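Q: Before I ask anything, let me first share the structure, which is written out below as structure tokens.
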Amino acid sequence: MVGTLYPKNPVPPRALDVFFKNSEKALRVPRYVLDNLEIKQIKNYLKKNIDFSEFSSCVSKLAIWVDLETGMRPQELQALTWGSIQKQKNNYVFELSNSWNDYTKSLNGHLKARKVGEKRTTLPISLELKSMLDKFEKYQSKFLKENGISNFNNFIFLNLNDFQKSSAGYPVTQTSLNEMLKKIGEEVGIKPEGQWSMYSLRHTIATKLGNTPGMSYPWAAARMGHTTKEFMKTYVHVDRDINDQMNNLWINS
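What follows is the structure, encoded as structure tokens:
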């Protein structure tokens with residue numbers, strides 16, 4: 010409602026921190042953050058197991074691959090359209106301006122905590138992923154045409170598992186994405202300690218950005234849709250790969 014009913018959000022940032030002391034709060038279960046090997050395992054699994062003839066699962070798998078490279082919010086991922094893909098010099102990115110609400114089953118009309126019409130650009134994606142998206146676009150178009158379904162929202166991740174939902178213009182749900190991610194995790198042997206969902210991929214990407222030597226934090230924060238302060242405080246954790254390197258450096262010094 011900010012920008013419509015309210016010129017400014019009436020709820021203070023981090024409201025619990027404003028009204029409660031640290032000693033009055035309990036620790037939250039942290040998000041599980043993937044290490045480099047686990048990222049590689051999931052990506053390799055996706056490359057080998059995305060089969061467009063299995064429309065019940067290929068949409069969720071491809072969405073997970075996109076999120077594994079961009080770290081966007083699940084509701085932003087759901088609202089991606091084919092027009093969202095933009096070329097920037099030698100790279101391909103997604104231009105975001107909308108998000109999806111699973112509860113109202115409609116577009117929010119804006120990004121989280123952003124004014125209507127405000128846009129942001131994601132991290133660049135690999136050419137291998139862009140090639141897979143190109144193939145999927147042709148498959149989706151053929152599938153919808155054969156079944157007489159109109160993708161009036163032009164969604165990339167339109168729900169193809171349920172014709173009624175496809176016809177209504179609904180994208181794949183966050184629940185389906187979370188279930189698929191957990192299934193893939195089990196398949197590749199990941200045993201997460203902490204909260205394990207699509208938001209784990211966002212935390213993973215942010216953590217990798219925050220631990221990349223020479224990284225511009227303002228650039229990284231902008232690509233993730235945050236202020237630099239929020240990016241550093243909320244999403245950047247100690248990278249397990251960096252932690253192992255530092256432990257070895259100290260022990261061998």
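Mind the numbering: the sequence shown is residues 10 to 262 in this note's numbering, read in order. We put the CB at the ideal spot given by N, CA and C, even for glycine. Keep in mind it's a predicted model, so treat the numbers as computed, not measured.
Does the Cβ of Ser225 have 16 or more other Cβ atoms within 10 Å, making it buried, or fewer, making it exposed?
A: Burial check for Ser225: the Cβ neighbour count within 10 Å stays below 16, so the residue is exposed.
Q: For Leu167, which beta-bridge partners are listed by DSSP?
A: Pro180
Q: Among residues of its own chain, excluding the 5 on either side of Ile134, which ones have a beta-carbon nearer than 6 Å to its beta-carbon?
A: Glu78 and Tyr101
Q: In its own chain, which residues sit with a C-beta less than 6 Å from the C-beta of Asn117, not counting the 5 before and 5 after it?
A: Same-chain partners within the cutoff: Ser108 and Asn110.
Q: Whose C-beta lies closer than 7 Å to the C-beta of Trp91 among residues of the same chain, with five residues either side of it excluded?
A: Annotation for Trp91: Glu146, Asn163 and Ile165 place their beta carbon closer than 7 Å to its own, counting only its chain and skipping 5 residues before and after.
Q: Please state whether DSSP places Phe61 in a helix, a strand or coil.
A: coil
Q: How many angstroms separate the CA atom of Lys96 from the CA atom of Glu104?
A: 10 Å
Q: When we look at the beta-carbon of Tyr15 and count the other beta-carbons within 10 Å, is it buried (16 or more) or exposed?
A: exposed
Q: What number of angstroms, rounded off, separates the C-alpha of Leu86 from the C-alpha of Ala72?
A: 7 Å
Q: Here's a check: name, in chain order, each residue in its chain whose Cβ is nearer than 6 Å to the Cβ of Ser106, leaving out the five neighbours to either side.
A: Lys128
Q: I believe Ile48 touches Val197 by the beta-carbon criterion, under 8 Å. Please report the beta-carbon distance rounded to the nearest angstrom.
A: Rounded, the Cβ-Cβ distance is 10 Å, inconsistent with contact.
Q: For Tyr15, which of helix, strand or coil comes out of DSSP?
A: Looking at Tyr15 - three-state DSSP - the assignment turns out to be strand.
Q: Name, in chain order, the residues that DSSP records as bridge partners for Leu105.
A: Answer is Arg129, bridged to Leu105.
Q: Going by DSSP, name the residue or residues bridged to Arg40.
A: Beta-bridge pairing links Arg40 to Gln204.
Q: Classify Lys191 as helix, strand or coil using the three-state DSSP reduction.
A: helix
Q: From the DSSP output, which residues share a beta bridge with Met116?
A: One detail in the question is off: residue 116 reads as Leu in this sequence, not Met. Trp109, per the DSSP bridge assignment.
Q: In or out: Ser93 buried (at least 16 other Cβ within 10 Å) or exposed?
A: Buried, since its Cβ has 16 or more Cβ neighbours within 10 Å.
Q: Mind the definition here: the region 53-73 touches the region 215-233 only if three or more C-beta pairs lie below 8 Å; say whether that holds.
A: no
Q: With distance defined between alpha-carbon atoms, name the residue in Leu89, Leu142 and Gln254 nearest to His119.
A: Leu89
Q: Kindly indicate which three-state DSSP category Lys30 falls into: helix, strand or coil?
A: coil
Q: What's the call for Ser115, buried or exposed, on a 16-neighbour Cβ count within 10 Å?
A: exposed
Q: Taking its Cβ as the centre, do 16 or more other Cβ atoms sit within 10 Å of Ala229, making it buried, or is it exposed?
A: By the 10 Å Cβ count, Ala229 comes out buried.
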